[in-house]
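*Asks:* So the number in the numbering used here is just where the residue sits in the sequence shown, counting from 1, plus 18.
Idealized CB from N, CA, C, for every residue including glycine.
Please read through the structure below; I'll follow up with questions.
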Amino acid sequence: MKDAAVKIWAVILISLGVAICFYKSVYLGLPFKPNQEKATWTVQAKITFEGEGGPAIIDFNLPHIYPGFLKLDEDFISNRFGLAVEELPESRRAQWAVRRARGKQVIYYRISVVESIKQSTWTDKPEFPVPPVYSEPYASAIRAIIDDVRKESANVSTYTRELLQRLNASQPNENVKLIRDRARNDEEWIKEIINILKGVRIPARILWGVYVSDGANDVPMQPLLQVHNGQQWLTFHPRSNEAGLPKGFLVWQTGDKPLYELSGGKNTNVTFSVTKSYRELIDVARMGAEQLDSLILAYSPLSLPVQSQNVYRLILTVPIGALVVVFFRIFIGFKTFGTFMPVLMALAFRETQLLSGILLFSLIVSVGLMIRFYLERLRLLLIPRLTSILIVVVMLMLLVSLISNQLGVDNVLSVALFPMVILAMTIERMSITWEENGAREAILQGAGSLVVASVSYLVMNSEQLMYLMSVFPELLFVVLGISLLMGRYTGYRLLELRRFREMDQDKS
Numbered sequence: 019m020k021d022a023a024v025k026i027w028a029v030i031l032i033s034l035g036v037a038i039c040f041y042k043s044v045y046l047g048l049p050f051k052p053n054q055e056k057a058t059w060t061v062q063a064k065i066t067f068e069g070e071g072g073p074a075i076i077d078f079n080l081p082h083i084y085p086g087f088l089k090l091d092e093d094f095i096s097n098r099f100g101l102a103v104e105e106l107p108e109s110r111r112a113q114w115a116v117r118r119a120r121g122k123q124v125i126y127y128r129i130s131v132v133e134s135i136k137q138s139t140w141t142d143k144p145e146f147p148v149p150p151v152y153s154e155p156y157a158s159a160i161r162a163i164i165d166d167v168r169k170e171s172a173n174v175s176t177y178t179r180e181l182l183q184r185l186n187a188s189q190p191n192e193n194v195k196l197i198r199d200r201a202r203n204d205e206e207w208i209k210e211i212i213n214i215l216k217g218v219r220i221p222a223r224i225l226w227g228v229y230v231s232d233g234a235n236d237v238p239m240q241p242l243l244q245v246h247n248g249q250q251w252l253t254f255h256p257r258s259n260e261a262g263l264p265k266g267f268l269v270w271q272t273g274d275k276p277l278y279e280l281s282g283g284k285n286t287n288v289t290f291s292v293t294k295s296y297r298e299l300i301d302v303a304r305m306g307a308e309q310l311d312s313l314i315l316a317y318s319p320l321s322l323p324v325q326s327q328n329v330y331r332l333i334l335t336v337p338i339g340a341l342v343v344v345f346f347r348i349f350i351g352f353k354t355f356g357t358f359m360p361v362l363m364a365l366a367f368r369e370t371q372l373l374s375g376i377l378l379f380s381l382i383v384s385v386g387l388m389i390r391f392y393l394e395r396l397r398l399l400l401i402p403r404l405t406s407i408l409i410v411v412v413m414l415m416l417l418v419s420l421i422s423n424q425l426g427v428d429n430v431l432s433v434a435l436f437p438m439v440i441l442a443m444t445i446e447r448m449s450i451t452w453e454e455n456g457a458r459e460a461i462l463q464g465a466g467s468l469v470v471a472s473v474s475y476l477v478m479n480s481e482q483l484m485y486l487m488s489v490f491p492e493l494l495f496v497v498l499g500i501s502l503l504m505g506r507y508t509g510y511r512l513l514e515l516r517r518f519r520e521m522d523q524d525k526s
């Protein structure tokens with residue numbers, strides 16, 4: 019029963035940790051490797067106009083829905099203008115106003131975006147349009163096109179695709195040619211298509227956006243066609259029958275409303291430019307999570323001050339070091355002084371470096387052990403004896419630091435980071451083991467402690483591991499689950515196999 023309970027808890031904990039990691043990686047975009055970069059695009063709208071000396075107000079449509087993109091940040095740059103942003107259910111609009119505007123005025127709007135797997139969509143449901151009254155000869159041409167398309171379509175999507183295919187045919191008939199001659203650009207072409215769709219009461223509108231690229235100035239806004247099938251808006255390219263938003267198309271606005279409206283000025287001009295750059299993927303994910311108001315990331319080590327992040331970056335690796343100790347003691351059969359003393363030694367090795375730390379540990383413990391044997395002759399009580407050993411350890415650490423400073427050996431100066439109380443207790447336990455079980459057993463446990471501490475140091479000092487534990491602290495659930503499973507192991511240790519093999523040979 020207990021074994022089943024442990025396994026159930028282990029599965030729950032491991033599944034919980036993996037599930038949270040999966041969510042943070044897939045939906046929030048947090049990377050599993052450090053120092054990864056992701057492409058971001060900054061789209062800038064430059065608005066210029068001539069002020070007439072009096073009050074000036076300019077309204078400018080802003081991006082509101084970003085299918086395929088995630089907004090990182092946006093900036094409004096103006097000199098003396100006041101700013102108000104109007105948030106509507108299906109649109110956004112910025113209004114700049116100034117009391118006196120004379121001469122050339124320049125306003126900038128910038129938005130930074132990154133590609134995202136999230137596909138935001140429009141939720142408004144339009145009314146069915148009233149069929150227009152077409153004038154001849156266009157009425158006959160449009161009715162003929164409508165009848166032909168209806169025969170080869172089944173719903174709004176297939177009707178629109180078939181209509182576009184006919185209107186963009188390489189060898190059009192006379193009816194299509196008549197419609198084409200009325201459109202001089204893509205905007206007028208889409209309006210002609212919308213006019214035809216009104217004849218069959220299909221809601222349609224024009225969609226404006228900008229193609230992001232590696233970098234370009236004077237980027238024109240491009241129109242696309244959208245139709246509503248009763249449930250959602252479908253997007254089509256007006257010059258082909260391709261459905262869906264093109265890759266790299268940043269939606270700016272929908273409908274026939276003008277991009278801007280100006281009062282108190284003249285000669286307005288709006289130009290767009292696109293710049294591509296790269297940012298740390300983890301920074302991009304954090305900014306994206308802030309836009310989504312993610313509670314998981316809000317209550318994570320990444321939300322702490324930088325100094326606290328650095329502290330927990332180290333602390334969160336301690337359970338991994340403890341897991342290494344559990345593995346070596348239960349499965350390998352290594353003997354150590356204390357359960358978690360090797361983990362504390364591994365933390366000290368981070369500052370002293372591995373080789374220097376092993377030498378310092380061996381030196382201090384050896385000298386302290388000799389002094390401990392001398393104190394044994396004085397017949398001191400346990401607590402005064404431990405206090406004396408602690409004082410000796412501190413004196414040895416100070417002496418080693420002073421000598422290393424004179425010799426110019428910087429690594430050894432970090433000996434002060436060794437846990438003094440642990441060293442004192444190690445000396446005491448090693449001396450007792452020496453007296454009770456002999457020198458060989460004491461040296462084996464001391465060597466085992468150094469080996470386990472060294473392996474723990476190598477594991478805990480991994481940049482990849484420190485990054486994972488600080489960005490995905492829920493991995494502690496996985497570590498806890500593995501620790502519970504290890505706690506139910508009752509089999510042979512690796513180092514015991516040799517002893518039992520020798521027993522089998524003796525019997526045979």
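Which residues in the same chain as residue 354 place their Cβ atom closer than 6 Å to its Cβ, once the five residues preceding and following it in sequence are excluded?
*Replies:* Your numbering for residue 354 matches position 336 in the sequence shown. Result list for residue 354: 360, 466, 467 and 470, in chain order.
*Asks:* Just to confirm before moving on: does the CB-CB distance between residue 357 and residue 347 stay below 9 Å?
*Replies:* By 1-based counting over the sequence shown, the position of residue 357 is 339. By 1-based counting over the sequence shown, the position of residue 347 is 329. It is a contact, given that the beta carbons lie within the stated cut-off.
*Asks:* Which of the three DSSP states is assigned to residue 235 in this structure?
*Replies:* For the purposes of this step, residue 235 is taken as the residue at position 217 of the sequence shown. Here residue 235 sits in strand by DSSP.
*Asks:* Among 28, 26 and 39, which residue has its Cα nearest to the Cα of residue 486?
*Replies:* Along the sequence shown, one-based indexing puts residue 486 at 468. The option with the nearest alpha carbon to residue 486 is 39.
*Asks:* How would you call residue 135, buried or exposed, if buried means at least 16 neighbouring beta carbons within 10 angstroms?
*Replies:* As a first step, residue 135 must be located in the sequence shown, where it is residue number 117. Residue 135 should be labelled exposed.
*Asks:* Can you tell me which of 224, 239, 230 and 235 puts its alpha carbon nearest to the alpha carbon of residue 253?
*Replies:* The residue you call residue 253 lines up with position 235 of the sequence shown. Selected option, being the one with the closest Cα: 224.
*Asks:* Is the stretch 230-238 touching the stretch 67-79 in the sense that three or more CB pairs, one from each, lie closer than 8 Å?
*Replies:* The stretch 67-79, when compared against the stretch 230-238, does not touch it at the 8 Å Cβ threshold.
*Asks:* Any beta-carbon of chain D closer than 9 Å to the one on residue 407?
*Replies:* Among the protein chains of the structure shown there is no chain D, as only one such chain exists.
*Asks:* On the three-pair Cβ rule with 8 Å, is the stretch 449-462 touching the stretch 387-406?
*Replies:* The stretch 449-462 is in contact with the stretch 387-406.
*Asks:* Measuring alpha carbon to alpha carbon, tell me which residue in 26, 103, 301 and 89 is nearest residue 51.
*Replies:* Along the sequence shown, one-based indexing puts residue 51 at 33. Selected option, being the one with the closest Cα: 301.
*Asks:* Three Cβ pairs or more, each shorter than 8 Å: is that satisfied between the stretch 109-127 and the stretch 173-188?
*Replies:* No, they do not touch.
*Asks:* Report the CB separation of residue 442 from residue 407 in whole angstroms; it is logged as a contact under 8 Å.
*Replies:* Counting from 1 along the sequence shown, the entry for residue 442 is found at position 424. Counting from 1 along the sequence shown, the entry for residue 407 is found at position 389. Confirmed, Cβ separation roughly 5 Å.
*Asks:* I need the boundaries of the beta strand (DSSP E) containing residue 14, first residue and last residue.
*Replies:* The structure shown has nothing for residue 14, since the chain only spans 19 to 526.
*Asks:* Helix, strand or coil for residue 271 per DSSP?
*Replies:* In the sequence shown, residue 271 corresponds to position 253, counting from 1. Three-state result, residue 271: strand.
*Asks:* May I ask which residues mark the beginning and end of the alpha helix (DSSP H) holding residue 459?
*Replies:* Stepping through the sequence shown from its first residue, residue 459 is reached at position 441. Where residue 459 is concerned, the enclosing alpha helix (DSSP H) stretches over 457-478.
*Asks:* Pull up the CB-CB distance for residue 291 and residue 75, whole angstroms please, since I reckon it's below 8 Å.
*Replies:* Taking the sequence shown and counting its residues from 1, one reaches residue 291 at position 273. Taking the sequence shown and counting its residues from 1, one reaches residue 75 at position 57. Not really, about 25 Å apart at Cβ, beyond 8 Å.
*Asks:* Between which two residues does the beta strand (DSSP E) carrying residue 183 extend?
*Replies:* Working through the sequence shown from its first residue, we reach residue 183 at position 165. Taken as a continuous stretch (DSSP letters only), residue 183 belongs to no beta strand (DSSP E), being part of the alpha helix (DSSP H) at 174-185.
*Asks:* With 16 as the cutoff for other CB atoms within 10 Å, does residue 409 come out buried or exposed?
*Replies:* Within the sequence shown, numbered from 1, the residue matching residue 409 stands at position 391. Per the 10 Å Cβ criterion, exposed.
*Asks:* If we count Cβ pairs, one from each stretch, closer than 8 Å, do we get three or more for the stretch 85-105 versus the stretch 145-156?
*Replies:* Cβ pair count under 8 Å is below three, so no.
*Asks:* Going by DSSP, which residues form a beta bridge with residue 88?
*Replies:* Numbered from 1 along the sequence shown, position 70 holds the residue referred to as residue 88. Answer is 132.
*Asks:* Does residue 78 come out as helix, strand or coil in the three-state DSSP assignment?
*Replies:* Mapped onto the sequence shown, residue 78 falls at position 60. Strand, per DSSP.
*Asks:* Just the C-alpha distance for residue 91 and residue 265, rounded to the nearest angstrom, thanks.
*Replies:* Taking the first residue of the sequence shown as 1, we reach residue 91 at position 73. Taking the first residue of the sequence shown as 1, we reach residue 265 at position 247. Between residue 91 and residue 265, the C-alpha separation is close to 21 Å.
*Asks:* Classify residue 63 as helix, strand or coil using the three-state DSSP reduction.
*Replies:* Translated into the one-based positions of the sequence shown, residue 63 becomes position 45. Reduced to three states, the DSSP call for residue 63 is strand.
*Asks:* So residue 99 and residue 284 are in contact, right, with Cβ under 8 Å, and what is the actual spacing, rounded?
*Replies:* In the sequence shown, counting from the first residue as 1, residue 99 sits at position 81. In the sequence shown, counting from the first residue as 1, residue 284 sits at position 266. With a Cβ gap of about 17 Å, residue 99 and residue 284 do not count as contacting.
*Asks:* Name the two residues that bound the continuous beta strand (DSSP E) containing residue 161.
*Replies:* On the sequence shown, position 143 is the one that residue 161 refers to. Premise fails: residue 161 lies in the alpha helix (DSSP H), 156-169, not in any beta strand (DSSP E).
*Asks:* Please report how far the alpha carbon of residue 5 lies from the alpha carbon of residue 476, in whole angstroms.
*Replies:* As shown, the chain starts at 19 and ends at 526. That puts residue 5 outside it, with no answer to give.
*Asks:* Buried or exposed: which applies to residue 195, given that a residue is buried once 16 or more other Cβ atoms fall within 10 Å of its Cβ?
*Replies:* Working through the sequence shown from its first residue, we reach residue 195 at position 177. Per the 10 Å Cβ criterion, exposed.
*Asks:* By DSSP, does residue 230 sit in helix, in strand, or in coil?
*Replies:* On the sequence shown, position 212 is the one that residue 230 refers to. Coil at residue 230, not helix or strand.
*Asks:* Taking the beta strand (DSSP E) that residue 245 belongs to, which residues open and close that run?
*Replies:* Position 227 of the sequence shown, counted from the first residue, corresponds to residue 245. Note, residue 245: beta strand (DSSP E), 240-246.
*Asks:* Taking just the CA atoms, how far does residue 294 sit from residue 379?
*Replies:* Sequence index remark: in the sequence shown, residue 379 carries index 361 (1-based). Sequence index remark: in the sequence shown, residue 294 carries index 276 (1-based). Cα-Cα distance, rounded: 53 Å.
*Asks:* Over what stretch of residues does the alpha helix (DSSP H) that includes residue 316 continue unbroken?
*Replies:* Here the question's residue 316 lines up with position 298 in the sequence shown. Counting along the chain, the alpha helix (DSSP H) containing residue 316 begins and ends at 313-316.
*Asks:* Would residue 228 be called buried (16 or more neighbouring beta carbons within 10 Å of its own) or exposed?
*Replies:* Indexing the sequence shown from 1 puts residue 228 at position 210. By the 10 Å Cβ count, residue 228 comes out buried.
*Asks:* Rounding to the nearest angstrom, what Cα-Cα distance links residue 124 and residue 267 in this structure?
*Replies:* For the purposes of this step, residue 124 is identified with residue 106 of the sequence shown, where counting begins at 1. For the purposes of this step, residue 267 is identified with residue 249 of the sequence shown, where counting begins at 1. Their backbone Cα atoms lie some 26 Å apart in a straight line.
*Asks:* In three-state terms, what does DSSP make of residue 142?
*Replies:* Along the sequence shown, read from residue 1 onward, the residue named residue 142 stands at position 124. Correct three-state label for residue 142: coil.
*Asks:* Take residue 62 as the anchor and find which of 55, 131 and 88 has the nearest alpha-carbon.
*Replies:* Your numbering for residue 62 matches position 44 in the sequence shown. The residue with the shortest Cα to Cα distance from residue 62 is 131.
*Asks:* Please classify residue 231 as buried or exposed, where buried requires at least 16 other C-beta atoms within 10 Å of its C-beta.
*Replies:* On the sequence shown, position 213 is the one that residue 231 refers to. That one is exposed.
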